[in-house]
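Oh and the sequence shown: position 36 is 35 in numbering that gives the first Met the number 0, straight run, nothing missing.
Since the structure comes first, as structure tokens, the remarks are kept for the end.
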Amino acid sequence: MIRSIPNPPMDREDVARFRRNLEKHLRGDFSAEERHRIEERKARTEANVKRIIRNCGGKNPLLGY
Numbered sequence: 000m001i002r003s004i005p006n007p008p009m010d011r012e013d014v015a016r017f018r019r020n021l022e023k024h025l026r027g028d029f030s031a032e033e034r035h036r037i038e039e040r041k042a043r044t045e046a047n048v049k050r051i052i053r054n055c056g057g058k059n060p061l062l063g064y
């Protein structure tokens with residue numbers, strides 16, 4: 000069984016970094032390089048999902064259909 004850590008230890012810098020990243024995401028204030036990395040990651044994720052579904056006979060193993 001995998002144990003979850005409901006409240007991982009965070010210091011003030013972790014909280015500040017999280018808030019900066021959240022604000023940046025909500026505003027959509029990304030540089031061209033960051034947008035490119037996000038698009039690459041999204042494309043890679045979609046390709047992996049399609050491959051998993053194709054390997055499972057067209058069914059999504061997580062959703063069961």
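All C-beta atoms in this analysis are idealised placements derived from N, C-alpha and C, irrespective of residue type, glycine included.
Suppose contacts are defined by Cβ-Cβ distances below 8 Å. Is residue i in contact with residue j by that definition?
| i | j | result |
| --- | --- | --- |
| K23 | F29 | yes |
Secondary structure at residue i, three-state DSSP: helix, strand or coil?
| i | result |
| --- | --- |
| D13 | helix |
| L25 | helix |
| R18 | helix |
Need the endpoints of the alpha helix (DSSP H) that residue i sits in, please.
| i | result |
| --- | --- |
| N54 | A31 to N54 |
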